[in-house]
Amino acid sequence: MSAKKPNPSALHEKPGISPPEMISQSGMQHIKSTRKIQPSAQELIDGILTGDITLLSRAITLIESTNSIHLSKANEVINGCLPHANKSIRIGITGVPGVGKSTFIEAFGKYLTSLGKKVAVLAVDPSSTISHGSILGDKTRMEELVKDENAFIRPSASGETLGGVARKTRETITLCEACGFDVILIETVGVGQSETAVHSMVDFFLLLKIAGAGDELQGIKRGIMEMADAIVINKADGDNIRKAQLAKVEFNRALHLFPAKKSGWIPTTATCSAITQEGIDAVWQTILDYLELVNSNHYFLDKRKEQNQYWMMETIDEQLKSHFYNQPAIIQLLDSTKKAVQNDEISPFVAAQVLLDNYFKK
């Protein structure tokens, strides 16, 4: 009796068609070879001044780098662009998560480009304190504006920077202005009550709110409300129109509790719908009215000078901190000092003094 043949398994691979070879090996080699070539500082400057978006993006990546070897080149690019900057309107836009910042910015940006303006959007996304990652999905959410040839959207991660902006947002503004953008929109991370840094780098500070979220009661508190030049209640459409109008009245009352601004400007409130475009033109007119006032009383230039001085001091603080943590002696001593603090062998204050003494000796 012949042996029984085993049944063939259904899970087996049949011979198929081999994938074709790459169409152009020479083309791939060209891409690989050119990708490694970094443009010089002068090439970046020349590209930015001629409106080259690709070189603008590469320059922003350079100045955002934390690598110490990139610092001198980044400073050269910034210094080369500085004489061609300070010609734009800088607008900070903030609000709690879910208020519709990205949708509003897209509608507002499209309106500005329809007026012939060149608009740069610097969108700052919060970074995770656990993974240190960031979604950076603003280009996806602004799918119409990203296709506009007169608009440029640059998402950045906030990293460990507080105040609602990224570490190098201020320098990025300079590069965008040198590239010829008329309006710079800075979308903050939306932390709600602590976005003070963005106020020190913009000309006009716009606070977005929504009705029915309990924010009306927050209006009597000092903080971000006190810094706002205008409050806009977004999502004023459909069944929410009446609620938005009531919220507008409440915010108007709250604004009267704050002291007068140095600029002489009285903050305004308005409603709008980024979905239906209702009220977007009125927001732009409010900004123009503000600019007319602060230019006539010279507050605009005075504020820009104060901001430059503030960012000089901030840069000193940042570079000192970076230099401290990049010292080999500090890196070597830091781990053992941390363990000593964790084990209560030394107090945090004494440990900090030991590290600082070691740093200044070096």
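Taking the numbering used here, the leading residue of the sequence shown gets 291, the next gets one more, and so forth.
Glycine residues also receive a C-beta, built at the ideal position from the N, C-alpha and C atoms.
Sub-8 Å separation of residue i and residue j beta-carbons
i    : j    : result
A410 : A564 : no
R460 : L412 : no
F541 : T561 : no
P557 : I523 : no
I343 : C371 : no
I368 : T464 : yes
G317 : K499 : no
L496 : I381 : yes
H374 : A487 : no
R594 : N376 : yes
K408 : D472 : yes
A331 : E366 : yes
Collapsed DSSP secondary structure at residue i in the structure displayed
i    : result
P638 : helix
K437 : helix
T356 : coil
G306 : coil
K677 : Residue 677 lies beyond the range of the chain shown here (291 to 652); nothing can be said about it.
V539 : helix
G317 : helix
I327 : coil
Euclidean distance between Cα positions of residue i and residue j
i    : j    : result
E477 : V631 : 39 Å
G390 : L402 : 18 Å
G341 : T393 : 26 Å
F442 : D571 : 21 Å
S240 : E608 : The structure shown does not extend to residue 240, since the chain is modelled only from 291 through 652, so no value can be given for it.
I577 : F494 : 7 Å
G663 : L475 : It is not possible to answer for residue 663, since the shown part of the chain is limited to 291 through 652.
I531 : I379 : 30 Å
E433 : K525 : 19 Å
Y649 : V640 : 14 Å
Beta-carbon contacts of residue i that lie in its chain and below 8 Å, excluding the five residues immediately before and after
i    : result
T566 : D527
D579 : none
Cβ-based neighbour list, residue i, same chain, cut-off 6 Å, excluding 5 preceding and 5 following
i    : result
V584 : S553 and F590
S418 : Summary for S418: the model assigns pLDDT 43, below 50, so the residue's position carries little reliability, and this model does not support an answer.
A534 : A501, I523, A526 and T561
Close Cβ partners of residue i (< 7 Å) along its chain, the five nearest in sequence each way excluded
i    : result
I350 : R444, T462 and L465
H489 : G382, F495 and M517
N633 : none
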